[in-house]
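For the sequence shown, numbering that gives the first Met the number 0 gives the first residue as 0, with consecutive numbering after it. All residues carry an ideal CB built from backbone N, CA and C; glycine is no exception. Data first, discussion second: the structure below is written as structure tokens.
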Amino acid sequence: MRTLPSGTCIKLFAAPWFVAAKLQAYQGRGNADVLGSNDIEDIIALLDGREELAEEMRQAPLALRGFVSEQLSALLLVRAFHDVIQGTAQDPDRETLIHERLNAVIEHGAHA
Numbered sequence: 000m001r002t003l004p005s006g007t008c009i010k011l012f013a014a015p016w017f018v019a020a021k022l023q024a025y026q027g028r029g030n031a032d033v034l035g036s037n038d039i040e041d042i043i044a045l046l047d048g049r050e051e052l053a054e055e056m057r058q059a060p061l062a063l064r065g066f067v068s069e070q071l072s073a074l075l076l077v078r079a080f081h082d083v084i085q086g087t088a089q090d091p092d093r094e095t096l097i098h099e100r101l102n103a104v105i106e107h108g109a110h111a
């Protein structure tokens, strides 16, 4: 639970659970449209902006790591997924960083 400056209390997802929820949402409402999916954009933004995500994933439950790894690995086979990464990064160095973080997250789940 976090308290906002306004005094409102909110519940927060731990980052690995947020990624899993976004992947599940994409499966349910994404209609296999990677380019039009806000859920995919959110995942890429998280990979871009959260340096510690791979370490958080390493500490997540095995089943969660396995699910995230499997789903992200499948997305890597979709050309449009790479297009979204490129469009989000808008810089070759950021694009490389996102791919490195993505691969680290996948690697932590590959042994689940």
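Top-ranked residue by Cα proximity to residue i, from the options
i: M112; options: K10, V83 and H107; result: Residue numbering for the chain in the displayed model covers 0 to 111; residue 112 lies beyond these limits and cannot be assessed.
i: L63; options: A109, C8 and L11; result: A109
Neighbour-count burial assignment, residue i, 16 or more Cβ in a 10 Å radius
i: S5; result: exposed
i: L3; result: exposed
i: R1; result: exposed
i: I9; result: exposed
i: L101; result: buried
Contact check, residue i vs residue j, beta carbons under 8 Å
i: L61; j: L52; result: no
i: P15; j: A73; result: no
i: A79; j: L34; result: yes
i: I43; j: V77; result: no
Close beta carbons around residue i, own chain, < 7 Å, minus the five adjacent residues each side
i: D38; result: K21, A24, Y25 and G29
i: Q85; result: E94
Chain-order list of residues whose beta-carbon lies under 8 Å from that of residue i (same chain, five-residue window excluded)
i: V104; result: V18, L46, L52, A53, M56, V67, S68 and L71
i: A11; result: Looking at the sequence itself, residue 11 is Leu, so the reference to Ala does not match. The residues are M0 and R1.
Cβ of residue i within 8 Å of any chain D Cβ
i: P60; result: Although the question refers to chain D, the structure presented lacks it and comprises just one protein chain.
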